[in-house]
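**Q** Here it is, the structure, as structure tokens.
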Amino acid sequence: MTTPDKPVVACIGMGVIGCGWTAHFLGQGYAVRVWDPVEGVKERLNSFLDLAWPAMTDLGLSEGADRNNFIVCETVTEAVEGALLVQESAPERLDLKVELLSELDKSCSNEVVIASSTSGYLVSDMIVNCEDAPERVVVGHPFNPVYLLPLVELVAGPKTSKEILEKAQNIYESTGKIVLKLDREVDGFISDRLQEAMWREALHMVANGEATVEQLDLAITAGPGLRWALMGPMLTFHLAGGEGGMAHMLDHFGPSLKSPWTRLEAPELTRELRDAVVEGCEDEADGRSVATLVNERDKGLIAIIKALRAAGVGTPGEGGLHGT
Ligand SMILES: NC(=O)c1ccc[n+]([C@@H]2O[C@H](COP(=O)([O-])OP(=O)(O)OC[C@H]3O[C@@H](n4cnc5c(N)ncnc54)[C@H](O)[C@@H]3O)[C@@H](O)[C@H]2O)c1
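The sequence shown begins at 418 in the numbering used here and counts up by one.
The following block contains the structure:
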């Protein structure tokens, strides 16, 4: 049972991301109503919370946070009842999102924010069957693990109202999220465009025998990845230009942009390439289960986030309920 006096959010679709959002909101003292078409959601969510809750507790829970304050609902309509925000995290298929958002459009009251976790679809393409109030729909794109990483890319569609956009921003920010509001709709948003470029290049390098999975991961974790927790790729390169900053960087290395170093077209995802990448990851995991790796990753992220807070730079929000 959820506690009635707590603010309520609804999470629709309870995979990695839906469970992550649920953990995040529970940790912020919200009551969460969840729905997923498969059986066994309560057990799945509880197993997820067994892993996530200790990490969240270590980072600091909000007053009133209660890992049991969720209810698994029988229908979408039941789940969205009384919710301030409905966060959709169903599989990344446009036809499915269109159908689900149309159902949410019919089920939700007018002031509710309907946010999609989609990794790249545009609001414009997802609301084509929302006949009642398409102005309620935004993209609220999170990052895994949702209960630890603060970034949410917030994207409006051409019909999204200013009030809903502000409300979505307030809800996310009041729960400690850092909102990156896009000025316009862009396929893949900002962060996934960057990640996708690197992901494609990495697959090309495996496909061509130029690097192993382990080498690719080390190339980031021991080098650029450490800097990126503090500064993004642009400011990082500004510093790489010495006293001359980015201007020197561009004058110096600009011509090499034309060198054929990268191939930003997706490689053919052959069975062979797929297997090589999967096997490489298994080798690198070296027998560690996904749960163990999640635990190791979360410990490391907490240490980095605490270090950032202590240094007062790029500080992830500390959250708290502020009257949303
Ligand atoms: N995994 C990531 O790193 C990541 C990061 C950011 C955003 N996203 C986005 O979040 C969304 C969910 O991704 P995920 O990785 O959690 O997927 P997932 O496959 O882990 O989970 C999807 C869940 O949706 C449920 N589902 C199936 N049909 C449904 C329907 N009609 N309505 C509601 N739920 C339904 C499934 O039973 C499953 O539990 C996608 O849009 C994805 O692009 C994923």
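We put the CB at the ideal spot given by N, CA and C, even for glycine.
Restricting to Cα atoms, I'd like to know which of P650, G537, G446 and D483 is closest to L571.
**A** As a position in the sequence shown, residue 571 is number 154, starting the count at 1. Among P650, G537, G446 and D483, the Cα nearest to that of L571 belongs to G537.
**Q** Can you give the Cα-Cα distance for K594 and F654, rounded to whole angstroms?
**A** Counted from its first residue, the sequence shown places residue 594 at position 177. Counted from its first residue, the sequence shown places residue 654 at position 237. Whole-angstrom Cα-Cα distance: 26 Å.
**Q** Exposed or buried, which one is P508 when buried takes at least 16 other CB atoms within 10 Å?
**A** On the sequence shown, residue 508 is found 91 positions in, with the first residue counted as 1. Exposed: under 16 other Cβ atoms inside 10 Å.
**Q** Where do the N-terminal and C-terminal ends of the beta strand (DSSP E) with I544 fall, by residue?
**A** On the sequence shown, residue 544 is found 127 positions in, with the first residue counted as 1. Careful: I544 lies outside any beta strand (DSSP E) and carries neither H nor E.
**Q** Can you tell which of S526, V529 and S533 has the C-alpha that lies nearest to the C-alpha of L518?
**A** Locating residue 518 in the sequence shown gives position 101, counting from the first residue. Checking every option, the nearest Cα to that of L518 belongs to S533.
**Q** Count the other CB atoms within 10 Å of the CB of Y589; is the residue buried (16 or more) or exposed (fewer)?
**A** As a first step, residue 589 is located in the sequence shown; it is residue number 172 there, counting from the start. Y589 comes out buried.
**Q** Which term fits F670, buried or exposed, when burial requires 16 or more other beta carbons within 10 angstroms of its beta carbon?
**A** Against the sequence shown, residue 670 aligns to sequence position 253. Its Cβ having fewer than 16 others within 10 Å, F670 is exposed.
**Q** So, with DSSP's three-state summary, where would you put A628?
**A** Residue numbering aside, residue 628 sits at position 211 when the sequence shown is read from its first letter. Note: A628 maps to coil in three-state DSSP.
**Q** At what residue ranges does the stretch 527-609 contain a whole run of the alpha helix (DSSP H), taking only runs of 4 or more?
**A** You should have 540-543 and 579-591.
**Q** Please look up how many angstroms separate the CB atoms of V493 and L521, rounded, as I've assumed it's under 8 Å.
**A** The residue labelled residue 493 in the question sits at position 76 within the sequence shown. The residue labelled residue 521 in the question sits at position 104 within the sequence shown. Indeed they touch by this definition, with Cβ atoms about 7 Å apart.
**Q** Cβ atoms of V555 and A573: under 8 Å apart, would you say?
**A** In the sequence shown, residue 573 corresponds to position 156, counting from 1. In the sequence shown, residue 555 corresponds to position 138, counting from 1. Against a cut-off of 8 Å, the Cβ pair of V555 and A573 comes out as a contact.
**Q** Where does the unbroken beta strand (DSSP E) through R450 begin, and where does it stop?
**A** Position 33 of the sequence shown, counting from 1, holds the residue named residue 450. Residues A448 to W452.
**Q** Heavy atom of ligand 1 less than 7 Å from the Cβ of A585, yes or no?
**A** Against the sequence shown, residue 585 aligns to sequence position 168. The answer is no for A585.
**Q** How far does the alpha helix (DSSP H) with C436 in it extend, from its first residue to its last?
**A** On the sequence shown, position 19 is the one that residue 436 refers to. Residues V433 to G444.
**Q** Considering only residues of the same chain and omitting the five flanking positions on each side of K499, which have a CB-CB separation below 6 Å?
**A** Here residue 499 refers to the residue found at position 82 of the sequence shown. It is Gly, not Lys, that sits at residue 499 in the sequence shown. Counting only Cβ-Cβ distances below 6 Å, and skipping sequence neighbours, we find V425.
**Q** What does A427 pair with, by DSSP beta-bridge criteria?
**A** In the sequence shown, residue 427 corresponds to position 10, counting from 1. Bridge partners of A427: R450 and V503.
**Q** Classify V489 as helix, strand or coil using the three-state DSSP reduction.
**A** For the purposes of this step, residue 489 is identified with residue 72 of the sequence shown, where counting begins at 1. Strand.
**Q** Go to V707, then tell me how far its alpha helix (DSSP H) extends in each direction, as first and last residue.
**A** For this step, residue 707 is matched to residue 290 along the sequence shown. It spans V707 to A728 - the alpha helix (DSSP H) in which V707 sits, taken as one unbroken run.
**Q** For L443, which option in L478, S591, N561 and D668 has the closest C-alpha, if you only look at C-alpha atoms?
**A** Here residue 443 corresponds to residue number 26 of the sequence shown, with the count starting at 1. Nearest option by C-alpha distance: L478.
**Q** Is the beta carbon of A720 sitting closer than 8 Å to the one on L710?
**A** Taking the first residue of the sequence shown as 1, we reach residue 720 at position 303. Taking the first residue of the sequence shown as 1, we reach residue 710 at position 293. Cβ distance not < 8 Å, so A720 and L710 don't count as in contact.
**Q** What number of angstroms, rounded off, separates the C-alpha of G659 from the C-alpha of W645?
**A** Locating residue 659 in the sequence shown gives position 242, counting from the first residue. Locating residue 645 in the sequence shown gives position 228, counting from the first residue. Distance between the alpha carbons of G659 and W645: 18 Å.
**Q** Assign A427 to buried or exposed, taking buried as 16 or more other Cβ atoms, counted over all protein chains shown, within 10 Å of its Cβ.
**A** Here residue 427 is taken as the residue at index 10 of the sequence shown, counted from 1. Per the 10 Å Cβ criterion, buried.
**Q** Taking only three categories from DSSP, how would you classify H739?
**A** To locate residue 739, count along the sequence shown from 1; it is residue 322. Summary for H739: the model assigns pLDDT 34, below 50, so the residue's position carries little reliability, and this model does not support an answer.
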